[in-house]
Every structure is written in C-alpha cells, then in structure tokens.
Amino acid sequence: MLAYREKENLIHKLHPLAAVAYITVIILLALLFSHPVYLLGLLLAVGTVIIASGNYREWKPYLLISLGLITVIMLVNAVFVQAGSTVLFNGPRVPVLGKIRITLEAICYGIGMGIRLLVITSVFCFYTYAVHPDKVLKLFSRFGNKSVLAVTLSTRLFPLMIRDVRRITEVQRCRGVKLDTGSRWQRVKNRLPVINVLLLSSLERSWQMAESMQARGYGSGKRTCYTRDLLRPGDYLILFAAVLSLITGIWAARQGWSAYTYYPRLESFKLGELKMAMIIMLALTVPAMLGWGWKKWPLLKSRI
Amino acid sequence: MAVIKIQDLTYYYPESEKPALDNINLEITGGQFVLLVGGSGCGKSTLIRALSGLIPDFYGGTYRGKVFLNGKEIRQLDRRSLVRQVGMVFQDPESQLVMTNVEQEVAFGLENLGLPNSLMKRRVMEVTGALALSGYLHGFIPELSGGQKQKVALASVLAMQPEILVLDEPTSQLDPVAGEEILAMVRRLNEENGITVILVEQRLERCFHLADRVLVMENGRILYDGVPESVARWAAKNKSPFIPPLARLFAGVGFPEVPLTVKQGREILKAYYPFPGLRNRNPKIKRAEAAGDECLVDIQNLWFTYPSGKEALKNINLKIRPGDFTVIMGENAAGKTTLLKNITGLLKPGRGQVKVLNRDTKKVSVEELASTIGYLSQDPNDYLFLPTVREELAFTLSNMCLSDDGVSAEILQRLQLTSYAETNPRDLSSGERQRVALASVLVARPQVLLLDEPTRGLDYRLKAELGDILLQLQAEGKAVLVVTHDVEFAAEYAESIVLMAEGTIIAGGSKYEMLTRSTFYSPQISKLFNNLVDDVVTLEQGREILTRLMVVKENQVVCG
Amino acid sequence: MKKKIFIAIIILTGILLAASVIPGNPLYNVNWALFSPVIIGLAMAAFFWRFEQSGATSKEIALIATMAALAAVSRIPFAAIMSVQPTTFIVMITGYVFGAQTGFMVGAIAALVSNFFLGQGPWTPWQMYCWGLCGVSAALLARVQKGFKLNTFAILAGFWGYLFGWIMNVWHWVGFVYPLTLETFIATYIASFPFDTLHAAGNVVFTILLGKSFYQVLMRFKNRLLVVFEEVKQ
Numbered sequence: 095m096l097a098y099r100e101k102e103n104l105i106h107k108l109h110p111l112a113a114v115a116y117i118t119v120i121i122l123l124a125l126l127f128s129h130p131v132y133l134l135g136l137l138l139a140v141g142t143v144i145i146a147s148g149n150y151r152e153w154k155p156y157l158l159i160s161l162g163l164i165t166v167i168m169l170v171n172a173v174f175v176q177a178g179s180t181v182l183f184n185g186p187r188v189p190v191l192g193k194i195r196i197t198l199e200a201i202c203y204g205i206g207m208g209i210r211l212l213v214i215t216s217v218f219c220f221y222t223y224a225v226h227p228d229k230v231l232k233l234f235s236r237f238g239n240k241s242v243l244a245v246t247l248s249t250r251l252f253p254l255m256i257r258d259v260r261r262i263t264e265v266q267r268c269r270g271v272k273l274d275t276g277s278r279w280q281r282v283k284n285r286l287p288v289i290n291v292l293l294l295s296s297l298e299r300s301w302q303m304a305e306s307m308q309a310r311g312y313g314s315g316k317r318t319c320y321t322r323d324l325l326r327p328g329d330y331l332i333l334f335a336a337v338l339s340l341i342t343g344i345w346a347a348r349q350g351w352s353a354y355t356y357y358p359r360l361e362s363f364k365l366g367e368l369k370m371a372m373i374i375m376l377a378l379t380v381p382a383m384l385g386w387g388w389k390k391w392p393l394l395k396s397r398i
Numbered sequence: 027m028a029v030i031k032i033q034d035l036t037y038y039y040p041e042s043e044k045p046a047l048d049n050i051n052l053e054i055t056g057g058q059f060v061l062l063v064g065g066s067g068c069g070k071s072t073l074i075r076a077l078s079g080l081i082p083d084f085y086g087g088t089y090r091g092k093v094f095l096n097g098k099e100i101r102q103l104d105r106r107s108l109v110r111q112v113g114m115v116f117q118d119p120e121s122q123l124v125m126t127n128v129e130q131e132v133a134f135g136l137e138n139l140g141l142p143n144s145l146m147k148r149r150v151m152e153v154t155g156a157l158a159l160s161g162y163l164h165g166f167i168p169e170l171s172g173g174q175k176q177k178v179a180l181a182s183v184l185a186m187q188p189e190i191l192v193l194d195e196p197t198s199q200l201d202p203v204a205g206e207e208i209l210a211m212v213r214r215l216n217e218e219n220g221i222t223v224i225l226v227e228q229r230l231e232r233c234f235h236l237a238d239r240v241l242v243m244e245n246g247r248i249l250y251d252g253v254p255e256s257v258a259r260w261a262a263k264n265k266s267p268f269i270p271p272l273a274r275l276f277a278g279v280g281f282p283e284v285p286l287t288v289k290q291g292r293e294i295l296k297a298y299y300p301f302p303g304l305r306n307r308n309p310k311i312k313r314a315e316a317a318g319d320e321c322l323v324d325i326q327n328l329w330f331t332y333p334s335g336k337e338a339l340k341n342i343n344l345k346i347r348p349g350d351f352t353v354i355m356g357e358n359a360a361g362k363t364t365l366l367k368n369i370t371g372l373l374k375p376g377r378g379q380v381k382v383l384n385r386d387t388k389k390v391s392v393e394e395l396a397s398t399i400g401y402l403s404q405d406p407n408d409y410l411f412l413p414t415v416r417e418e419l420a421f422t423l424s425n426m427c428l429s430d431d432g433v434s435a436e437i438l439q440r441l442q443l444t445s446y447a448e449t450n451p452r453d454l455s456s457g458e459r460q461r462v463a464l465a466s467v468l469v470a471r472p473q474v475l476l477l478d479e480p481t482r483g484l485d486y487r488l489k490a491e492l493g494d495i496l497l498q499l500q501a502e503g504k505a506v507l508v509v510t511h512d513v514e515f516a517a518e519y520a521e522s523i524v525l526m527a528e529g530t531i532i533a534g535g536s537k538y539e540m541l542t543r544s545t546f547y548s549p550q551i552s553k554l555f556n557n558l559v560d561d562v563v564t565l566e567q568g569r570e571i572l573t574r575l576m577v578v579k580e581n582q583v584v585c586g
Numbered sequence: 002m003k004k005k006i007f008i009a010i011i012i013l014t015g016i017l018l019a020a021s022v023i024p025g026n027p028l029y030n031v032n033w034a035l036f037s038p039v040i041i042g043l044a045m046a047a048f049f050w051r052f053e054q055s056g057a058t059s060k061e062i063a064l065i066a067t068m069a070a071l072a073a074v075s076r077i078p079f080a081a082i083m084s085v086q087p088t089t090f091i092v093m094i095t096g097y098v099f100g101a102q103t104g105f106m107v108g109a110i111a112a113l114v115s116n117f118f119l120g121q122g123p124w125t126p127w128q129m130y131c132w133g134l135c136g137v138s139a140a141l142l143a144r145v146q147k148g149f150k151l152n153t154f155a156i157l158a159g160f161w162g163y164l165f166g167w168i169m170n171v172w173h174w175v176g177f178v179y180p181l182t183l184e185t186f187i188a189t190y191i192a193s194f195p196f197d198t199l200h201a202a203g204n205v206v207f208t209i210l211l212g213k214s215f216y217q218v219l220m221r222f223k224n225r226l227l228v229v230f231e232e233v234k235q
C-alpha cells in the first residue's frame, strides 16, 4: 500500500505546512548552492532529521540508488569534461570525444554534484516516508480543489486497481491464458486481456464514483475545506527555522559564498565564508532536535 | 403528510426504446420504512435514482412526470437543498468512496455543501461516534474491510443529515454479518431518528419484517403496494419470488397464517404441537458409488503458508469425486479462497499435495489444469472484455487449443444466452454477465467446477436459475465446489457441506447433518423446525411437512 | 482558444530554456539547476490552473482519476517483461479521445500517484510534465485527423519514447553536469539511447495491439458522458 507508515514521533505529527515548507527550503537551497561544504551541511541536516523521524531503514535504499547515480555523474564528468587543469590521467585519443583527460577538478565537481543529488533524493525520501500524502493534498486543496480531488481519488483507486490486476490475472490464467511461455511478443500479447478487462471495469466504476460524488452534492456550489490540523509551537519553530535558513542561504548566495569554482583549478576554502553553512545546518536540524527532546522529556512534549 | 409524491413518472434511459419507469404514481409518508423489491432490471434502481435527482440530471434520457419532495417539485429545487433532503447509499462500497481517509470521506459531502469548518467538525464527530467509526477515523480506506467501507459510506451520507435515506442494495457485496450490521443501523435510524428509509434489497429474509410497507416492481411499474403480510400473500398467489423463503413456504402450501420471521413461524407451528406421528422421512440420498473411488481432486495433508508468513491452510484433506456438490462455508479469512487457489494450481502446496486426475499440481501449470478445473470468480466482469458473447467463448477455446465442435452453441443454449450471442457482454445485466462468465468457463467442458461466492448480488430468481444449472452439471457427473456465505443456497442445492475455520476443516458431511441443529449455520427452514421435526433443510421438505400438518388439522376439525 | 494557450505555454517554456544558454541576454548563465525546475513548475501550474478554471464535473474528475490510476497500474502486469509498459500509450490515447486538458491531467496525475506508492523523487515533477505533454500532443494530433489512424498515432507514440527520455535527461544534465557543453550533452543522450529505444518500441507495440480497442471503448464512454435529456411536457 502507501509507502508512508505512521510512526510515533513529533516529526510524523507535524503540521503539513511546516513539513512542506521545510522540504521546499531544502530543495531550493540544494539547487542554489554549489559549494560542497554548504551542500554537505544540508545533507547532514536532512540526514539527522530522517534518523530522528525513525526512517533510517527506509533511507538506506535511497542512499544506495543515489550512490549508483553519483557514480554515473562522476564518470560522465570525469571522462567528458576536459576543463580542469590538474591532470591525473592522460588517456588515448577517442573519435568524436577527442583525447581523454581525467582531471582532479572534474572528479571533485562530480563529488560536489553527487552530494547535491544525495540531498535531493534524501529530502524526497523524507517526504515519502514521514509526511502523509493526505495531509499535503489537504494543504493544497485550498488552492485547487478539483485537481486535488482528482489526485486523491486516483490515490485511492491505485491500490484497488492493483488488487484488480492480480485478481483478473488469476482469472484469465484459470481460463487458460498462458502468461509465462512463448516469445516476448507472445507474452506481451497474452497480458492484453488483463489490461482490457481492467479498462472496462474501471470505466464502469468511474461512472459509479461520479454518481456517488454527484449524490453527495459535488459541484453544487462553492466548496469549503474541512481541516482539523492545528499549528503547535513546534510547527512555528520549524517554519521559522526554515524561513531563517532560506534567507541566510539567499544572502550567502548573493555574497557569492555558497558558490564554488571548480574549474580551471579548485578554489581553496575561505573559513569566513563557511560560517553561514554552519548556521543553515543548525537551523535545519531544528526538527530533529525537537523530535529528540519530545521523546526524552515529557515536559517538552506538553509544551511544544 | 407525504414527504415524497410521484406523479405520472415515465422515464427512458438514453437510446433505449423500453421505458425504465412506466407511469409511476406513489406517495410516501414521512418516517416510513419502505422496502422496494423486484427482479433485476425491474426499475427499482431507476426509481430511487429519480428520487435523488440523479435521473435525469446525471443520466440524461427522456423524462415525463413530476416528483415532489415536501410539496416542492424536484426539478425546481437547487441541487444543494435536494442533496440535503435525500441521501443515497449505493451497492458497492468500493465504487462510492472517493477519499483516502475515513474522516475526509465523511466530511466530503459537507464540504460540497459549503458548510463552515466548525459545523463540519461537529457533524463528523457526531456521526462517526454514532456509527462506531471513531476508532479508525484516520484509517486508510483501501485497508478497511468491505463492511467498514459500507459503514463509512453510510456515515458520509448521514453527516449531511438527510430526511430521506435511500439505499440501493447496500448489503449485496457484504458477508452476512457485515450486512446484518448495516441493516440494524438503518433500522435504528428509522426507529430512533424518524428518518424515512427507502431500501432496495435482495436478501429479504433479513429486512422484510422491518418494513412498514413493501413495493413490488416489474417492468418499470409498481405491481403491488402494501404491508409485508399482505404482500407475502399476494406474492404467493401470483408466484412472485420476491418474498422471504419462510413466507413463500407457508403461503405456497396455502397455509392460513403467513409468518415473516422464524419466531412467528414457530409460534404458528406450536399450535399444532405435538405433531402426531410426524417423523420426517430422512432423505438419505445415497449417491451411487458407481464411479468407484475415482477421484477428480485428491487433497492430502495440504499445508499452505503465504510468503508474508501467514499460515492459511493447515492439514487439509479433501476428496472431490464425480457427481459431488460440495459447499465450503466459514468466516472471512478461514482459508476458503486459498483452498480454491490451491486446487486451480494458482498456489502450490507448501507441504502435502493436491492431485488433479492423479497429477500432482506442483508439476502442472495453471494453464494446463484449466481444461480440467473450471473456476468462476466472484466478479464476472473479470472475464469479459471482448465485443460479443460468442467471442468470449471462442477465446477460452482458443486458449486451450480446443476446436468448437458445436459446444459453444450448446452451452449458450443451456444458459439461455443464445439470443445474446452477438451482444456486447458489458451491455448485459449483472445476472446475465455471470451466465456469460460461466459459459466461458463451461465451454472448455471442465470436470470440476469451482465457484467463489456465486450468489453475491443475485436476486431469488437468478439464484434459483444458477442452482438449477449447477444441479444439471452435477447430474452429468461433473463435480461442483462452491464457496459461499449463503446458507439458504447451500441448504437448497448442495449435497455436502465443509466448514472451515482458521485454515482447517472443522467438520464436513451431508447437509442434513451439517446444517441442522445449529444456531447460525442453518437455513431458516431448519431453524423453523428445530426440535420439532429433525433434519429439515430444504424447502421441499418443509412443504411436505406443512401439507401433512394441514391434512391432520382438517381431520381434527372434522373429527371434533 | 484552448489550443493556442497550450501551444503558447510550450513555446514559452522553450524560449525560456533557450534564453539561458544563448549568450547576450539577462537570463544567460543563470543557475540552471534552479532555473529548469522553476520553469517546469510554472508550466505545470498553468495547466493545473486552467483545469481549476474549467467547469469539470464529477464525471470528468472521476474519469481523470480512473485513467491516471489505470495508466500507473498498467505497469504492473508487464513488470516481468523488462522496460515494456503501456503507461505512455494509455495517457496518449486518453488525450487523443478526451482532449488536451484531460490528457495533461491524466499524465501528470499518473506520475504523481504512482510515486506515492513507489517513492517520490526529484524525477517526479519531470515525469509529471513529460506524461502530461504526451497527453497534450496526442490531443493536438486528434484535432488534425478524424477517427483513429494507427500510423500517425504510432509515429507520435514512438517519437515520445525518445522525447520522454530526452526531457528526463535535461534535469540530469543541467543539475549535475558541468560545463554544459555539446559533448557532455551528447554523452548523456547516448547513455540513455537504448532505454529510450525500448520505450519507443513499447509505445509502438501497444499502439498496434491496443490502439483500436481502447479508442472504441473510450469513445463509447465519451458518448455516454455527454448527457442529453429531454423533458416531455404533457
């Protein structure tokens, strides 16, 4: 069913607004920064929050997939980018691409971008496992109820149709449809009855769904929006931290601190420019800190 | 005062020549519990859709006549006030819930009405509390059971506080326990809150006595309208199948009183007690063991565990011989469906073995077994995707590399589908669709036929037709194995019963042993004669006893 | 009218993207990684906004949700056969029958919803956009021809196999490769070529196998959606 699993901790109970703001800020900053230290700061922040939300196990496959992608990115950069000046390896001349020349700068650039990719996949992992899709949809339904309704309905139908597919497949197999023998073309062809049955049955169901919506007054006028989510002090804190780090991040970017020049020669780190990375990282670990505090001190539980 | 008044209502569905409603005139008083009965396609669903305004707004078509709600013509009302007055619950819980979580589903209608948040919160709280849904307010709807889903559907309608509650076969897709629960709720709403209820239902033994008034429909017309007792008598006289089995039994033999419930029936019978010399001739139908011990399916020490670790079948032993008609009964999740899948070869035994015609299913693929074992699933729609009925049959034949030696024509004839051969199966009614699905299975001439909940959603007439087809197959020496919750069907047609619970076979034997002397797993007829006459299971037996009772009574009167 | 807006959105997206690589304008050399998702986001927002403004009825919403879920679920029976899935085909045929608006919504929602269950990632908005455009393009094709023509539809479907991969490459290329030279661009595209070819082949195969029957079924349903009722007065 849903990838999301409810867990007993503060982060799972956050107001969707706080969670979405947090995630958006991280994505924006990850795309804005190119400085490896700034990106690493973001990664550390997201990592601690994921661990604090009890989703380390779910995070692992994301990390593995990202590592695969990162290797590809590094290879593409290393092999095809001729820009760096510190040559590590001089390869043979290859048609089309020219002379292969692997440089330290290109590898470092690959690593930097790898961290960026890790930040982004991690934050999506956080979104998938720690934020209930319903809550987010509910948040957006203020802006567009029709599209959100379509998405919600589709989300509800998805598991139902997976079950349908299984059942229909079984039924057709019992009717002698051979799924696992023959050529690839034959196998594709033999699966078509399943898709055809699913289409026909789903369309009939869509009619009944529409009827049920109609009978409950859908489209009879302006809708209101039912909500019972309350903003707690913890949510305000996280919202504040997210906004703070966004502002700091933009300011650092305008100063040119969060950018990093890889080519033609790696730039040296200037400590003064890195202090903002520290601030942003700390601000973005606020949910993790609150989460741990929430678990450790019952008093804090009642206050935030 | 009449809450609902219908005047000369005639309605045609788009592109239809035959009227779905034919000059309906009807008045319903507030607070009544009205039961609407009739065969499939009689117009009962159409009539309730006309009350809720879905016809003609949603369906289109040709519409003539007037429907008044509280004195106002329905076509003059705006949608919101209409929806607030009439709430509608549909047949299939799966296809009427639109949100992913319970709370939001209940709030859905309220949002549509544009109510303020504070009021919505109150209504959601009230209605989920009243229907005992508070426990899973945040539940993910696809993970709920069918009965829970139907309760959510009911709650989402009740939250809008309708004056009139219209229900279109709300229990037809549920197992008996969940169905009972829904009906009990509806009854409470009617008795305690005074909500007018209009119920369309097929399983009349549960709701006939609840109604204040019963309407019988046929061909878009209201044939009869009256209190349940008078409808029972009228139906018996006119050979209409739409009365509960008990009433049909008593009225059918011309008994002076007609009971609606087992309790009333036993009251009536007690007047005749003690029954002078009335021993039921125990119909021990010894099946000709001519077939010897040839086994079509032989299940030995079958154990099955799902990959998730759930032990679904434990030490099952079962033999299926030619000419068997066995019904498997038991709670949900008792392992019935898993057992069927082990026989079809969809699942392979963990321990023990399943032999079909002496071949171990582990060594044979599902597709090869398919020509021996026919399987009809719950939802006939899972079979139908071709443009004509004839092609559906031809598809099965070509899958199994069989040639058509006139078998399709024969099967179509037998299932009364010949006239539909060139029709698109998706244009047929649900009963007809089931026959097409059955035809597409039977066309391969399987020796064993497995059916999963075949009576779900069928009315009495269709059930009887299905039962007769199965009996014919049995007579030809085919083995029939049915999984069902429907005790009445099992009692009438089966020969032996197997009870399952928690993955084991609890008991098995002839229906005369299995379905009597039980409070729950017995048909109304057995309950009626429990401790009065032994081993009564079928309507035929009941009829015989009642006829004899009447004769005795007459003699007494004459002698006295 | 609608058609113009769709085309305008597509052209504008293209211009914005081009502006940032062609020297000599204010957008040149912006942070590409940040810039491209913003553009995609804006384009999608425009489509969603149009849908909100339309008078979509309960029937249309149920249809969109159903077709989107169907497109997403249809991957499953074919999962055993590598890289073949009818999702793109289903999105396109829906757009072809029901028009650009529905086509876009079905494509976008199919991507979003299947990722609720498979895991969201940075690829989600791009997939939404790509499948959305598949639906739109099929709808535009339906405007220039009558009925269902296998050849043109199959060509478009095959073309989308490649285009889909190419658009998906963009986020990969602009976000993580530097400098953005022709060589790195070509390299990224060569890397994805085999996958794109499979996707294209799959689309063509499904068009041939399912095109006609899906078209007929959906057309039949479309006719049912157009409610006409007449009230006969005595």
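Here the protein sequences line up with chains A, B and C, keeping their order.
Residues in the first sequence are numbered from 95 upward in steps of one, following the working numbering.
Residues in the second sequence are numbered from 27 upward in steps of one, following the working numbering.
Residues in the third sequence are numbered from 2 upward in steps of one, following the working numbering.
Just so you know, even glycine gets a beta-carbon here, dropped at the ideal spot from N, CA and C.
For residue i, does the count of other Cβ atoms within 10 angstroms reach 16, so buried, or fall short, so exposed?
i	result
A:Arg317	buried
B:Phe234	buried
B:Gly65	buried
C:Gly104	buried
List the residues of chain A that residue i touches, going by C-beta distances under 7 Å, in chain order.
i	result
C:Gly136	Per Cβ cutoff of 7 Å: no residues; C:Gly136 is ~13 Å from chain A at best.
C:Leu71	Met255, Leu292, Leu293 and Ser296
B:Phe411	Pro287, Asn290, Val291 and Leu294
Anything in chain A within Cβ reach of residue i, meaning under 8 Å, just list it in chain order.
i	result
C:Ser214	Asn290
B:Tyr39	The premise fails here: B:Tyr39 is roughly 13 Å from chain A at the closest Cβ pair, so nothing lies under 8 Å.
B:Val109	Ala309, Arg310, Gly311 and Ser314
Any idea what DSSP makes of residue i, helix, strand or coil?
i	result
B:Phe59	strand
A:Ala139	helix
B:Phe134	helix
B:Val98	Just to set this straight, residue 98 of chain B is Lys in the shown sequence, not Val. In the structure shown, B:Lys98 sits in a strand (DSSP, three-state: E or B).
B:Thr352	strand
A:Val131	helix
B:Trp329	strand
B:Thr88	strand
Determine the chain C residues that contact residue i at a beta-carbon separation under 7 Å, and present them in chain order.
i	result
B:Ala86	Note on residue identity: the sequence assigns Gly, not Ala, to residue 86 of chain B. Those are Val228, Val229 and Phe230, listed as they occur along chain C.
A:Leu251	Ala66, Thr67 and Ala70
A:Ile214	Pro123
What residues of chain B sit near residue i, judged by a beta carbon separation below 8 Å?
i	result
A:Glu316	Here residue 316 of chain A is Lys; the residue named in the question, Glu, does not match the sequence. Neighbours of A:Lys316 on chain B, chain order: Gly140.
Can you pull the chain D neighbours of residue i, defined as C-beta to C-beta under 7 Å?
i	result
C:Ile77	The structure shown contains no chain D; the protein chains it does contain are A, B and C.
Closer than 7 Å to a non-hydrogen atom of the ligand HEM - does that hold for the CB of residue i?
i	result
A:Asn149	The ligand HEM is absent from the structure shown, which contains no ligands of any kind.
Write down every uninterrupted run of the alpha helix (DSSP H) in the region 322-373 of chain A whose length is 4 residues or greater and which is fully enclosed by it, in chain order.
Runs found: 327-349.
Segment contact flag, the region 404-420 of chain B with the region 460-470 of chain B, C-beta cutoff 8 Å, min 3 pairs
The region 404-420 of chain B vs the region 460-470 of chain B: in contact.
At what residue ranges does the region 153-229 of chain C contain a whole run of the alpha helix (DSSP H), taking only runs of 4 or more?
Counting whole runs of 4 or more residues, the region 153-229 of chain C contains the alpha helix (DSSP H) stretches 183-226.
Which runs of the beta strand (DSSP E) at least 3 residues long sit entirely within the region 151-194 of chain B? Give them in chain order.
Runs found: 190-194.
Of all the alpha helix (DSSP H) runs that stay within the bounds of the region 205-287 of chain A, which reach a length of 4 or more residues?
Fully enclosed alpha helix (DSSP H) runs of 4 or longer: 227-234 and 239-268.
Check whether the region 494-514 of chain B and the region 346-356 of chain B are in contact - that is, three or more C-beta pairs closer than 8 Å.
Contact between the region 494-514 of chain B and the region 346-356 of chain B is present, with at least three C-beta pairs closer than 8 Å.
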